[in-house]
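Asker: Here's a structure for you.
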Amino acid sequence: MHFKSLYFDLDDTLYPSSSGLWDAIRDRMNIYMQKYIDLPLNEITAIRQGYLERYGTTLRGLQTHYNINAEDYLAFVHDLPLEEYILPDPGLRTILLSLPQKRWIFTNSDHNHAYRVLNILGLAGCFNGIIDIHAVDYACKPDITAYERALQITGDNNPEDCVIFDDSVRNLTPARSLGFYTILVGKNGNEPDVDRALTSLHDLQACMPELWEQDK
13 MHFKSLYFDL DDTLYPSSSG LWDAIRDRMN IYMQKYIDLP LNEITAIRQG YLERYGTTLR
73 GLQTHYNINA EDYLAFVHDL PLEEYILPDP GLRTILLSLP QKRWIFTNSD HNHAYRVLNI
133 LGLAGCFNGI IDIHAVDYAC KPDITAYERA LQITGDNNPE DCVIFDDSVR NLTPARSLGF
193 YTILVGKNGN EPDVDRALTS LHDLQACMPE LWEQDK
C-alpha cells in the first residue's frame, strides 16, 4: 500500500476521549439548545441525539429547524477552558512530523476550535491545513458530500491513496465506501466495518510501519 495523504479527525482522535472535553462540549450544546427549545434537559438530549443521527451534527439540525446563526453556535459550544481537559503531547508531535505523507485535519468543528486544540496539544505546524465545517460549506461527516469536498480541497484525486483516522465508525463507513483506508482510533481488536483499529495514535508506528517504509 502506498498512501499520499492522511486525514485526521480532531476531537477524541488527537487526544483521548477520557479527557472529558467532548462531554463538556455536548453539555454546552444542550445549554445552547435550551435557548430555542423550552423543554427539560432529558428531552433536549434526545432531540440532540436525533439531530446527530439524522443530520450528522447538532448544528445541521438546528440550522434546519431553527435557522440558528452557525458562528454564534460554534463560538458558544467551544467556549471552554481547553487547558483543563487536554495537555501538550510531544510524543504525538514527533510521530506526526516523522510521517512522509501530507497531513490534514478534517473536522466537523470550526477552524477556531481546531487551532486552539492544536496549540494546546503542541501540534501546531504538524498539518498541511485544516478542513473544517466552513471549508466544506457546512456539509459534515458522515455526509458523503463532506468527504468529496475535502478531496477537492486537498487535490487528492484518488481516495485510495488516502488514510482517514476517526474515533467514529459512523464517520469512517462512508469514507471506506469511497476508497479511503479507514483507521478507527480509540478502539482495539477486530472492527469489521473499518480497515484497522488503534487504541491511540501513539500506537501508529508499531501497528502500521508501512506508512514510514513506503518512502524508501
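Just so we're aligned: the sequence shown equals residues 13 to 228 in the numbering used here. A virtual CB, placed ideally from N, CA and C, is assigned to each residue, including glycine. Since the model is a prediction, treat every value here as computed from it, not as a measurement.
Leaving out five residues on either side along the sequence, give the residues of the same chain with a beta carbon under 7 Å from the beta carbon of Gly134.
Answerer: Counting from one through the sequence shown, the residue named residue 134 turns up at place 122. Excluding positions up to five away in sequence, the list reads Pro100, Asp101, Pro102 and Arg105.
Asker: Alpha carbon to alpha carbon, how far is Ile49 from Tyr159? Give it in angstroms, no decimals.
Answerer: Taking the first residue of the sequence shown as 1, we reach residue 159 at position 147. Taking the first residue of the sequence shown as 1, we reach residue 49 at position 37. So the two alpha carbons sit approximately 31 Å from each other.
Asker: Within the chosen definition, does the region 117-134 reach the region 54-65 through at least 3 CB pairs nearer than 8 Å?
Answerer: No, they do not touch.
Asker: Cβ atoms of Gly198 and Thr211: under 8 Å apart, would you say?
Answerer: Working through the sequence shown from its first residue, we reach residue 211 at position 199. Working through the sequence shown from its first residue, we reach residue 198 at position 186. Contact: yes.
Asker: What are the uninterrupted segments assigned as alpha helix (DSSP H) that are 4 or more residues long and contained completely in the region 56-99, given in chain order?
Answerer: Runs of the alpha helix (DSSP H) inside the region 56-99: 70-78 and 82-89.
Asker: How big is the Cα-Cα spacing for Asp173 and Ala82?
Answerer: Locating residue 173 in the sequence shown gives position 161, counting from the first residue. Locating residue 82 in the sequence shown gives position 70, counting from the first residue. One C-alpha to the other measures close to 33 Å.
Asker: What three-state label does DSSP hand Lys228 in the structure shown?
Answerer: Position 216 of the sequence shown, counted from the start, is the residue given in the question as residue 228. With a pLDDT of only 49 at Lys228, under 50, the local geometry of the prediction cannot be trusted, and no value is derived from it.
Asker: Measuring CB to CB, does Leu111 end up less than 8 Å from Leu18?
Answerer: Here residue 111 refers to the residue found at position 99 when the sequence shown is read from its first residue. Here residue 18 refers to the residue found at position 6 when the sequence shown is read from its first residue. Yes, the Cβ-Cβ distance between Leu111 and Leu18 is below 8 Å.
Asker: With DSSP collapsed to three states, give me the class of Ile142.
Answerer: Taking the first residue of the sequence shown as position 1, residue 142 is located at position 130. Here Ile142 sits in strand by DSSP.
Asker: Can you tell me which residues form a DSSP beta bridge with Lys114?
Answerer: The residue you call residue 114 lines up with position 102 of the sequence shown. Lys114 is bridged to Ser17.
Asker: Using only the alpha-carbon positions, how far apart do Glu222 and Ala209 sit?
Answerer: As a working note, residue 222 is residue 210 in the sequence shown. As a working note, residue 209 is residue 197 in the sequence shown. Taking the straight line from one Cα to the other gives about 15 Å.
Asker: So for Cys219, helix, strand or coil by DSSP?
Answerer: For the purposes of this step, residue 219 is taken as residue 207 along the sequence shown, with counting starting at 1. Residue state, collapsed to three classes: helix.
Asker: Within a Cβ cutoff of 6 Å, which residues of the same chain sit near Met220, ignoring the five residues on either side of it in sequence?
Answerer: Mapped onto the sequence shown, residue 220 falls at position 208. Cβ neighbours of Met220 beyond the five flanking positions: none.
Asker: Does DSSP put Thr119 in a helix, in a strand, or in coil?
Answerer: For the purposes of this step, residue 119 is taken as residue 107 along the sequence shown, with counting starting at 1. It is coil, neither helix nor strand.
Asker: Asp39 lies in the alpha helix (DSSP H); which residues open and close that run?
Answerer: As a working note, residue 39 is residue 27 in the sequence shown. Here the alpha helix (DSSP H) through Asp39 covers Leu33 to Gln46.
Asker: Which residues in the same chain have their Cβ closer than 6 Å to the Cβ of Thr207, if we skip the five residues on either side of it in sequence?
Answerer: By 1-based counting over the sequence shown, the position of residue 207 is 195. In the sequence under discussion, the amino acid at residue 207 is Asp, which differs from the Thr named in the question. Result list for Asp207: Tyr193 and Thr194, in chain order.
Asker: For Cys152, write down the residues that DSSP places opposite it in a beta bridge.
Answerer: Position 140 of the sequence shown, counting from 1, holds the residue named residue 152. Per DSSP, none; premise fails for Cys152.
Asker: So, are the CB atoms of Ile98 and His123 less than 8 Å apart?
Answerer: Residue numbering aside, residue 98 sits at position 86 when the sequence shown is read from its first letter. Residue numbering aside, residue 123 sits at position 111 when the sequence shown is read from its first letter. The answer is no: Cβ separation not under 8 Å.
Asker: Where does Ala136 sit, in a helix, a strand or coil, going by DSSP?
Answerer: On the sequence shown, position 124 is the one that residue 136 refers to. Ala136 falls in the coil class under three-state DSSP.
Asker: Excluding the 5 residues preceding and the 5 following Arg182 in the sequence, name in chain order all residues of the same chain whose CB lies nearer than 6 Å to its CB.
Answerer: Along the sequence shown, read from residue 1 onward, the residue named residue 182 stands at position 170. Same-chain partners within the cutoff: Pro154.
Asker: Could you tell me if Pro93 is buried or exposed, where buried requires 16 or more neighbouring beta carbons within 10 angstroms of its beta carbon?
Answerer: Translated into the one-based positions of the sequence shown, residue 93 becomes position 81. Exposed: under 16 other Cβ atoms inside 10 Å.
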